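Taken in sequence, the protein lines are chains A and B.
Following full-length UniProt numbering, the numbering of the first sequence begins with 1 at its first residue and continues without gaps.
Following full-length UniProt numbering, the numbering of the second sequence begins with 1 at its first residue and continues without gaps.
Reading through the structure tokens given below for one structure.
2 protein chains.
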Amino acid sequence: MNLQTLSIVLLVISYAQAFHYIKLVQYVDDHQEEYVEALRDWVAIESDSSNIQKRPELHRMMEMVAQKLRLMGGTVELVDIGEQELPDGQTITLPKVVTAQFGSDPSKHTVCVYGHVDVQPAKLEDGWATDPYNLTDISGNMYGRGTSDNKAPVLAWIHAVKAYQALSMVLPVNVKFLIEGMEETGSNGLDAMILAQRDTFLSDVDYIIISDCGWLSRRPALTYGTRGNCYFFAEVEGPKQDLHSGVYGGAVIEPMTDLIGILDTLISPSGRILIPGIQEAVAPLSDEEWKMYQDIEFDVNHFKNKTGVNHLMYNNKVDLLAHRWRYPTVSIHGIMGAFSDPGTKTVIPAKVTAKFSIRQVPDMDPATVKKQVTHYLHSVFAKRKSPNKLKVTMVIGAKPWLADTQHPLYEAGKAAIKRVFNMEPDLIREGGTIPIARTFQDVTGKSIIMMPIGGFDDGMHSQNEKMSRYNYIEGTKLFIAYLNEVAQITKTSG
Amino acid sequence: MNLQTLSIVLLVISYAQAFHYIKLVQYVDDHQEEYVEALRDWVAIESDSSNIQKRPELHRMMEMVAQKLRLMGGTVELVDIGEQELPDGQTITLPKVVTAQFGSDPSKHTVCVYGHVDVQPAKLEDGWATDPYNLTDISGNMYGRGTSDNKAPVLAWIHAVKAYQALSMVLPVNVKFLIEGMEETGSNGLDAMILAQRDTFLSDVDYIIISDCGWLSRRPALTYGTRGNCYFFAEVEGPKQDLHSGVYGGAVIEPMTDLIGILDTLISPSGRILIPGIQEAVAPLSDEEWKMYQDIEFDVNHFKNKTGVNHLMYNNKVDLLAHRWRYPTVSIHGIMGAFSDPGTKTVIPAKVTAKFSIRQVPDMDPATVKKQVTHYLHSVFAKRKSPNKLKVTMVIGAKPWLADTQHPLYEAGKAAIKRVFNMEPDLIREGGTIPIARTFQDVTGKSIIMMPIGGFDDGMHSQNEKMSRYNYIEGTKLFIAYLNEVAQITKTSG
């Protein structure tokens with residue numbers, strides 16, 4: 001075939017693809033209501049993984065996912081990942097992980113879409129304007145727990161595959177699904193499962209796609225980094241049981257006073273981390289990064305208004321984004337064992353445990369952070385000469401994740417976004433942690449892309465979580481386009 | 001009647017009394033099992049005033065008290081004291097207050113015994129060795145929630161009156177009862193009721209007797225002082241809702257950091273109060289006080305072992321007692337609104353409220369303390385230049401109470417203890433607060449005595465609360481003897 005013939009062939013392929021895309025888009029637009037109803041069905045299930053009372057709902061949720069994928073003709077498995085140990089020593093069955101496969105053409109790339117269908121807790125009385133488990137459309141926003149995080153994105157991926165099938169189009173890549181039900185409480189059992197299936201289900205996977213995040217503005221985004229998280233328990237123990245503050249106040253050094261004292265040495269009033277060695281380990285902000293951040297579409301004022309604070313820690317875009325994405329932070333989440341109910345109990349708590357976490361960034365290392373924090377708190381505590389005992393434990397040590405935005409996977413993402421939204425995406429990072437990304441990367445050695453379709457104001461983990469109909473439907477088109485783009489990546493660049 | 005005749009008459013009266021006492025003691029000893037069963041019946045009722053789910057039990061408890069007193073022929077009333085407002089704005093009926101009267105001879109003194117039959121919360125899983133609502137006798141100790149605090153003392157007073165009745169002996173004084181069911185949660189409604197009944201039920205009361213406390217050692221005690229309590233809420237509010245620490249950590253000054261920061265300025269590591277003006281207001285320790293404390297029977301080591309701490313704030317008796325009784329202390333009880341459950345939630349709490357209290361002593365004044373604390377916390381907070389808002393509220397401002405140990409009421413107490421236990425009592429104070437004592441004093445202008453029968457190791461408010469059979473039975477005899485002694489007080493010295 002000479003060069004001219006080749007050009008014509010490529011042109012025909014290109015037209016054929018363009019044609020396919022238009023038909024697929026039309027199909028998606030025609031089936032919007034069906035997609036919304038599918039989301040309604042899923043939102044109605046209170047698949048709260050943190051509440052063991054809801055575990056039957058969670059099992060039902062996983063079964064529904066599996067059934068949906070089975071009806072599409074996929075090779076579906078419900079993978080038993082064992083049991084969860086509860087704080088009281090009892091065990092409870094973990095929700096099975098759903099794996100599915102569509103297509104197994106060895107000449108094609110194979111992508112694996114990771115998602116989750118468990119949700120954060122939600123109660124109407126938490127401040128929801130609508131029943132969190134009854135999908136409610138208000139002006140094009142579909143409110144409900146788990147809409148954006150992560151049920152709608154999972155459904156969008158399923159619908160993307162289904163659209164190809166419905167139009168009898170061959171999938172441009174083989175598509176696998178790996179859908180779990182414990183993401184919101186730490187993906188219990190998933191690490192082991194990924195490790196166990198490295199040479200089976202995951203063996204032929206070229207790329208992993210995660211859509212468990214959101215845009216930064218109204219501009220579509222690709223996410224290339226997440227912070228890690230080192231979660232600490234600092235326990236101060238004194239008397240052998242809780243004491244009456246009238247009877248014992250003035251006689252004992254109270255554990256709560258000690259705990260407050262050491263917690264107060266973690267962070268300066270302006271938010272600077274005071275633990276020696278932490279800030280020093282952080283990779284310096286490069287000029288390219290500065291430039292990249294500067295170009296990102298992000299409305300500082302809108303962000304400020306959304307949080308409702310009087311002023312943010314930084315009032316310029318670059319500093320603010322940098323401190324959310326690529327600098328560490330310490331957050332003190334709360335204290336267990338002290339009096340936290342309404343009312344006026346006069347107790348001297350005998351054992352109090354502070355929960356705080358440090359978001360990890362390159363080039364911090366969780367093992368080092370563990371040593372730094374433990375050593376620092378013990379040294380601060382020693383100076384108090386307290387009769388009480390301090391125990392510091394790191395209960396989570398999740399590394400940060402960072403991708404190369406020049407990788408073909410990201411180039412394909414940019415092209416897909418260009419096609420659907422006719423604009424360049426923002427390249428963004430997540431301040432939060434998606435530990436499974438790092439696990440996938442470490443275990444499979446394969447590249448990962450995070451392709452969000454959630455809106456910047458979806459309120460994941462908050463009251464009134466929503467997914468806009470626009471993001472849901474256009475997101476489905478994006479996934480369709482992306483499968484096409486991934487197919488164009490030359491087989492060697494995986 | 002000449003002097004000789006008078007002597008003989010007095011001697012006969014004295015013998016007659018002695019005889020009566022022996023018969024009464026015999027009666028008490030003969031009815032021990034009946035008293036224990038009565039305590040068992042009362043302990044079986046989960047009259048937890050802090051748990052609104054248990055309110056029906058509490059109503060039932062008050063009705064049982066009333067019925068017991070009615071069956072003894074008393075003039076009994078169940079006084080409606082209105083409703084309690086719950087944090088969510090709903091209301092719930094308060095347990096009625098039981099008043100009763102036995103005897104109304106205007107030539108006699110009238111005492112009013114105050115007590116309560118509500119209890120602190122208790123669950124087996126809190127660390128109880130026995131079911132807290134099933135009275136369990138182990139080696140002469142009767143374990144159960146509310147035994148010592150305050151059901152057994154209330155029953156002992158009732159049995160004291162009943163013993164006189166059973167032996168057809170005329171009560172040496174008129175005895176009134178005022179038994180409430182909200183003591184453990186702040187005696188809601190009682191202040192108003194006392195004020196309302198000042199000129200009716202309380203009008204002819206000469207002395208008020210409270211047995212809602214305990215001994216300091218195995219030596220019987222009379223209590224002549226309590227500390228007051230100023231209970232504060234310090235609320236720091238920032239974002240309009242809880243935020244995800246990954247997404248927002250590094251962008252906002254977290255309310256929890258601010259709260260920890262200001263709490264850490266309240267107390268030094270060694271327990272010194274850092275709020276300006278507090279320590280300065282405290283009455284200096286007099287030589288007599290020092291001497292009095294020095295003479296008190298109190299085992300510092302036993303006290304230390306009981307708390308389970310490695311070392312106490314003070315290791316000599318006088319300092320330790322002084323700091324529990326007549327110096328102020330600050331205790332930080334806990335933080336509401338933060339994450340206090342097991343697990344690893346990554347939340348930035350939007351609004352956190354610390355609960356802390358300062359035990360008041362002479363010559364501190366709650367109104368002044370309120371100003372001092374509020375001003376100090378706001379000035380410390382201002383230095384942080386935080387965008388968050390601080391609100392400081394004093395929700396309880398209970399004054400300390402102090403009695404004259406030379407008062408005839410206390411002399412009568414010493415005599416009664418001498419008669420029953422054949423020893424001098426320790427004159428002690430309570431580190432805790434019994435606000436109603438101060439209210440009684442302020443409203444009625446009458447003298448109050450605190451006459452404990454609880455053991456020094458009864459574990460009020462703790463797991464495994466108990467009352468020893470010895471203290472219960474001998475305590476009943478003490479109350480019998482005390483009624484006799486009070487009758488000897490000349491009518492003018494009230």
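Even glycine gets a Cβ: it sits at the ideal position worked out from N, Cα and C.
None of the values given here were measured: they were computed from a predicted structure.
Please list the terminal residues of the continuous beta strand (DSSP E) segment that includes residue i.
i	result
F356 of chain B	K351 to Q360
M256 of chain A	Note, M256 of chain A: premise wrong, no beta strand (DSSP E); alpha helix (DSSP H) at P255 to L263.
D426 of chain B	D426 to E430
G397 of chain B	K389 to A398
Taking C-beta pairs closer than 9 Å, name the residues in chain A that residue i reaches, listed in chain order.
i	result
H244 of chain B	G431, G432, M460, H461 and S462
Could you tell me the alpha carbon to alpha carbon distance between residue i and residue j, rounded to whole angstroms?
i	j	result
T110 of chain A	K446 of chain A	11 Å
Y35 of chain B	V28 of chain B	9 Å
G308 of chain A	Q32 of chain A	34 Å
S493 of chain B	Y207 of chain B	For S493 of chain B, the predicted structure reports a pLDDT of 48, less than 50, and the residue's modelled location is therefore unreliable. A value from the coordinates is still provided. Distance between the alpha carbons of S493 of chain B and Y207 of chain B is about 11 Å.
P132 of chain A	S49 of chain A	15 Å
K370 of chain A	Y472 of chain B	54 Å
L377 of chain B	K389 of chain B	12 Å
Y114 of chain A	T476 of chain A	15 Å
Q242 of chain A	K306 of chain B	Strictly speaking, residue 242 of chain A in this sequence is Asp, with Gln absent from that position. Each residue's Cα considered, the two are about 11 Å apart.
L202 of chain A	I194 of chain A	8 Å
Q120 of chain B	R438 of chain B	22 Å
K151 of chain B	G249 of chain B	51 Å
S331 of chain A	V175 of chain B	59 Å
Within 7 Å of any Cβ in chain B, is that where the Cβ of residue i sits?
i	result
T346 of chain A	yes
I335 of chain A	yes
Y327 of chain A	yes
T353 of chain A	no
D319 of chain A	no
I267 of chain A	yes
R384 of chain A	yes
Q279 of chain A	no
P400 of chain A	no
residue 505 of chain A	The structure shown does not extend to residue 505 of chain A, since chain A is modelled only from 1 through 494, so no value can be given for it.
F339 of chain A	yes
Y482 of chain A	no
Y27 of chain A	no
N260 of chain A	Correcting the residue identity first, residue 260 of chain A is Ile in this sequence and not Asn. Chain B, which has a Cβ nearer than 7 Å to the Cβ of I260 of chain A, makes this yes.
Note down, in chain order, every chain A residue with its Cβ under 8 Å from the Cβ of residue i.
i	result
A221 of chain B	Residues of chain A passing the Cβ test: none, with the nearest at roughly 14 Å.
What are the start and end residues of the alpha helix (DSSP H) that includes residue i?
i	result
A481 of chain A	R469 to Q488
Y376 of chain A	P366 to K383
V161 of chain A	A152 to A166
D457 of chain B	Premise fails: D457 of chain B is in no alpha helix (DSSP H) and is neither H nor E.
E34 of chain B	Q32 to V43
K61 of chain B	Reading off the sequence, residue 61 of chain B comes out as Met, not Lys. Start and end: R55 to L71.
Quick one: which chain B residues come within Cβ less than 7 Å of residue i?
i	result
P387 of chain A	V309, N310 and H311
M256 of chain A	I332
S357 of chain A	S245 and T346
N150 of chain A	Under the 7 Å cutoff, chain B gives no residues; its nearest Cβ is about 14 Å from N150 of chain A.
H323 of chain A	G250 and A251
R227 of chain A	G246
In chain B, which residues lie less than 9 Å from residue i when you measure between Cβ atoms?
i	result
K240 of chain A	K306, T307, G308 and V309
Going along chain A, which residues have a C-beta under 7 Å from residue i?
i	result
G271 of chain B	I253
Taking 7 Å as the CB-CB limit, is residue i close to chain A?
i	result
L263 of chain B	yes
S493 of chain B	Legend: pLDDT at S493 of chain B = 48, less than 50; position of this residue unreliable, value from coordinates given subsequently. Closer than 7 Å: no.
I396 of chain B	yes
F298 of chain B	no
Taking three-plus beta-carbon pairs below 8 Å as touching, is the segment 452-464 of chain B in contact with the segment 120-136 of chain B? Contact between the segment 452-464 of chain B and the segment 120-136 of chain B is established, with three or more Cβ pairs separated by less than 8 Å.
Contact between the segment 414-433 of chain A and the segment 174-184 of chain A: three or more CB pairs below 8 Å? Too few Cβ pairs lie closer than 8 Å, so no.
Between the segment 254-271 of chain B and the segment 342-355 of chain B, do three or more beta carbon pairs fall short of 8 Å? The segment 254-271 of chain B is in contact with the segment 342-355 of chain B.
For the 8 Å Cβ check, are there 3 or more pairs between the segment 316-323 of chain A and the segment 292-305 of chain A? Contact holds: three or more Cβ-Cβ distances are below 8 Å.
Decide if the segment 134-153 of chain B is in contact with the segment 65-82 of chain B; the criterion is three or more beta carbon pairs, one per stretch, under 8 Å apart. Result no; under three Cβ-Cβ pairs closer than 8 Å.
Hey, is the segment 325-335 of chain A in contact with the segment 439-458 of chain A, meaning 3+ C-beta pairs nearer than 8 Å? For the pair of segments examined, the segment 325-335 of chain A was found not to touch the segment 439-458 of chain A: the number of CB pairs separated by less than 8 Å stays below three.
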